[in-house]
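Note that this note's numbering has the first sequence beginning at 3, numbered continuously upward. Ideal Cβ placement from N, Cα and C applies to all residues, glycine included. Values in this document were obtained by computation on a predicted structure and should not be read as measured data. Reading through the structure tokens given below for one structure.
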Amino acid sequence: MEKQYNPSIVEERLYAHWMEQGYFRADETSEKEKYSIVIPPPNVTGVLHMGHALNNTIQDIIIRHKRMSGFEVMWMPGTDHAGIATQNVVERRLAKDGKNRHDMGREAFVGEVWKWKEEYHATITTQLKKLGSSCDWSRERFTMDEGLSEAVRKVFVRLYNDKLIYKGKYIINWCPRCRTALSDEEAEHKELNGKLYHLKYPYEDGSGHVSVATTRPETMLGDVAVAVNPADDRYRDVKHKKIVLPLTGRAIPFIEDGFVDREFGTGAVKVTPAHDPNDFQMGLRHNLEPVVVMDEGAVMTGGIPEKYIGMDRFECRKVIIEDLAAAGLVEKIDDHAHSVGHCYRCDTVVEPYYSDQWFVKMKPLAAPALAAAVNDEIKFFPARWKKTYVDWMENIRDWCISRQIWWGHQIPAWYCNCGEIIVAEETPAKCPKCQSANLTQDPDVLDTWFSSWLWPFSTMGWPEDNEFMKKFYPTDTLATAPEIIFFWVARMIMAGYHFVGKLPFTDIILHGTVRDKTGRKMSKSLGNIIDPLEIIAAYGTDALRFSMIMITAQGSDVFLGKDTFDIGRNFANKLWNASRFLLSNIKNASGDTGNPAETAGCRALTPELPIGRLKSEDKWILSKLQHVVKNMDDAINAYRFNEACHIIYDFTWHEFCDWYIEAKKADMYQDGDPQLKTDALSLCGYVLASILKLLHPIMPFITEEIWGHLREKTVSGSAAGFDSIMFAEYPKPDPSLIDELTEGNFELLKNCIIALRTIRSENNIPPDKTGTALIIPANKDAAGWLASQTATINLFAKLSETTVDENAQKPAFAGSAVVRGNQLFLILEGLIDKKVETERLTKETARLKSMAAAAKSKLESENFISRAPADVVEKEREKYQGILVNLEKTEKALENLK
RNA sequence: GGGCGUUUAGCUCAGCUGGUAUAGAGCACCUGCCUUACAAGCAGGUGGUCGUAGGUUCGAAUCCUACAACGCCCACCA
């Protein structure tokens, strides 16, 4: 093995090997139980960011874990055409060359976007591969490929025929920059500090005025009425009057509508049906014709005074207020914080816009999707998101699906001059009503999410009922960010039930957002991006994956800084070095290589545990390992990946490396018994193999690499069993290896060693001064156990000799400590500092006293004795007695020092 | 306006169903070590009234209530 692990070389080689061998491929004919995931398809023009890294690492951990646990796994990869976003990117690029899509024409423009798609598609998929994602790339799909487009058309036609898709003129969210309609979800509301303008609208008869308030005075040009609450007495005597709409001279009426809140402002509302959703509804109720005063670029237009025509909406706002003020019609202007919709793709303030659009009627689709969450057929991780989902489902509104852009699925609706609308999967030859062949297809395309919501089944070949879909649908987990619960997750569930009749997945993992150390979202414009590819280049993919997952609790945001990735790199390094140490101790089968580290007597690891020859440290590590195996599996199955990282990290580093390998060095380095050497190395190899398997889902590359080296040094028919660790069986706990007694004994041993090391360290005793230890044991059991471990104590605490003797005389002067009633003395003539010792023992005495007092008062409490469970009381008693023993011995030792 | 989340060591965070003799980890800090796997390391150590105030309980970082600060989401706040 190389002295240094080189991630970039290893990762590239291994990923290529996995691909070549077809290890990621899912087999629909397999007898094994299936486990499937569909990837949240990244935007095809996207570049890998940390959000992708987190999202795909989570999915890959699950998939690799299930693959090793004996499932036939299928992870479907693919990309999304991301309508508006992609069109914007390409348009911006074209603008640099002085081109725009209108000059090019639709066909040429869409062709250009396809070219982009081909180029960028390669970027994002290559990057996903760098993350180690074990997707079945042979099945990769794109939301605009032929099969998915067919599914989109089929769904559209079916919903139309079922009267769940309709077309009509309504107020929708409109982005004047993208010049397209948006769904409610695509309008992001942000709190802005605006103004509330109070305007005076004079009565026609000159008898005064009514005051109305608005945040968007420019829309007054489109006012058609003033509304008041029918129960509002203030307007009883004036509401028959006509009002002259300022600046236009148009006469408009009062209307009465229960919608109006009497408490807000003056209780009178200007009504602009063409430019406000509420006013639109009022307009419908009162048969008022909308007056459109803005065009699709939010430029003033229509039957308004000449001077305002052609003005931008915000410029017009200023001018209108100036003009009204000049006419004495501005009553007051208040500061007013209110939330304003912004385009989620370009951040432009959206304008409520009256236009002809296609909609999906959502209520009927929502019913089964709502029930599924309520009944917990679909579960959320963390569970709190269920409420968010349920609230949205219960208040669901119709979905505006038409977009006035070119990149996407063109709406499969054709118009005939006779007025007929033909909705069909394929281009119709002629109008069924008038037989005309002169049909025009709707120029609009569908919302990007109208193809994404079919993703879990359209990617499997639906509507065709094939073997693949039978095997892998429904999928099991969906891992994504909470931001797209409404856009995507909720709609996929609705689509799954409605079109396939089955839910699309059962578990939804909602992970956090990736942020920088100061909590800001990572974004290009803020310049706070940490590029995953740079991290991979500098630290390795495994280090990136492990670090990110380890610091991320389920569902919480991830805060990344430059130093975040040290932890994973250091851990990989530790694992590498431990493996290298073990393997370099095995004498090469072909003979002596001249490596001084090689241990004579061991030429290969034996994969079977030497059950009859296990020593106490072996029993200890194997017992510990069983807990780790159990806890790892539980943590991954519960999607608590950070916990899994901590479990394997602590075990590998602080038990296996710090204690077990160190303890086994005694056997490795001795020259007498070759069996002892082989056992020591084989046992280390066994534990290492277990660690590699447990860790593989999180750190796929380094574990596979070490696995390969381990196999080479293992006798044939090895525990390794497979060429690739990817298919090695994920460890299962073996209850027969659990040994609580030995675990307890080891805790005691470790604490004794730590106590002796502390004495050494605090007294600044150099490593080459060995010294001796005397242990006066607390009881027979401890005496027997510790006496059997004197060699280990000597090794770890750097002692020349340790004596365990119940009847020994206390040494006149020594460093001392009490561990669970066992009194330890470190005897090192002239090197123990009386002051240091006095200080530590004094501190220890004080600590024990306060603990004893706490335990005592607890035990004296009648309530505690009578109400707490008997075993808790018993434990407390034992604890108290133990503290008293330690206290007494510590106090005596302190006395001895004087 | 409604809802959700967070608040634990100097920093970043774990801590699940209330009870482990001392509430953990990484980083940072202090001391000593280039000990024949690893200085990206080893050994030892310092550092906490678990946001505030109440409550439930024999027992609360953990459960409940209120409050505060910060963050997020939703809403037809004219």
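By the Cβ-count criterion, Thr31 is exposed, with fewer than 16 other Cβ atoms from all chains shown falling within 10 Å of its own Cβ. Contact check for Thr840 against Leu899 passes: the beta carbons are separated by less than 7 Å.
Here the C-alpha atom of Val212 lies approximately 37 Å from the C-alpha atom of Ile398. Closest by C-alpha distance to Leu247, out of Gly267, Met222, Cys418, Val230, is Met222.
In the DSSP annotation of this structure, the continuous segment of the beta strand (DSSP E) that includes His211 starts and ends at 211–216.
Looking at the backbone, the Cα of Met471 and that of Asp400 are separated by about 30 Å.
Around the beta carbon of Ser525, fewer than 16 other beta carbons lie within 10 angstroms, which makes this residue exposed. Residue state for Gln883 is assigned as helix, using DSSP reduced to three classes.
With 16 or more other Cβ atoms from the protein chains shown falling within 10 Å of its own Cβ, Gly134 counts as buried. Within the same chain, and ignoring the five residues on either side of Leu678 in sequence, the residues whose Cβ sits closer than 8 Å to its Cβ are Asp669, Gln672.
By the Cβ-count criterion, Leu161 is buried, with 16 or more other Cβ atoms from all chains shown falling within 10 Å of its own Cβ. Counting C-beta pairs closer than 8 Å gives three or more between the region 851–858 and the region 875–887, which meets the contact rule. Judged by their CB atoms, Gly557 and Pro384 are nearer to each other than the 7 Å cut-off. Ser32 is bridged by DSSP to nothing; it lacks a bridge partner. Membership of Glu333 in the beta strand (DSSP E) is indicated by the continuous run 332–345.
For Phe452, DSSP assigns no beta-bridge partner whatsoever.
Leu694 and Thr705 do touch by the CB rule: their CB atoms are close to 4 Å apart, below 8 Å. Note on the region 136–213: whole alpha helix (DSSP H) runs with a minimum of 4 residues are 148–163, in chain order. For Val92, the enclosing alpha helix (DSSP H) stretches over residues 85–98. Looking at the DSSP output, Phe256 sits in a beta bridge with Val228. Burial is judged here by how many other beta carbons sit within 10 angstroms of a residue's own beta carbon; Asn633 has at least 16 and is buried. For Leu562, DSSP records a beta bridge to Asp518. Within the same chain, and ignoring the five residues on either side of Tyr199 in sequence, the residues whose Cβ sits closer than 6 Å to its Cβ are Thr216, Pro219, Ile335.
DSSP places Gly53 in the helix class (H, G or I) of the three-state scheme.
Contact between Phe382 and Ile569 fails: their C-beta atoms lie close to 29 Å from each other, not under 8 Å. Per DSSP, the unbroken beta strand (DSSP E) holding Leu776 starts and ends at 774–778. Contact between Ala276 and Val293 holds, with the beta-carbon distance rounding to 6 Å and staying under 8 Å. With the rule of 3 Cβ pairs closer than 8 Å, the region 801–808 does not count as touching the region 739–751. If you look at Asn765, you'll find it isn't in any beta strand (DSSP E); DSSP assigns it neither H nor E. In the pairwise beta carbon analysis, the region 641–650 is classified as not touching the region 577–590: fewer than three pairs are separated by under 8 Å. Cα atoms of Asn530 and Lys523: separation of roughly 8 Å, rounded to the nearest angstrom. Shown here, Leu828 sits in a strand according to DSSP, grouped into three states. Rounded to the nearest whole angstrom, the C-alpha separation of Asp325 and Asn163 is 52 Å.
If you draw a straight line from the Cα of Lys473 to the Cα of Met106, it comes to about 46 Å. Straight through space, the alpha carbons of Val46 and Tyr122 are spaced by roughly 6 Å. In this structure, Leu448 lies near Ile403, with their beta-carbon atoms less than 7 Å apart.
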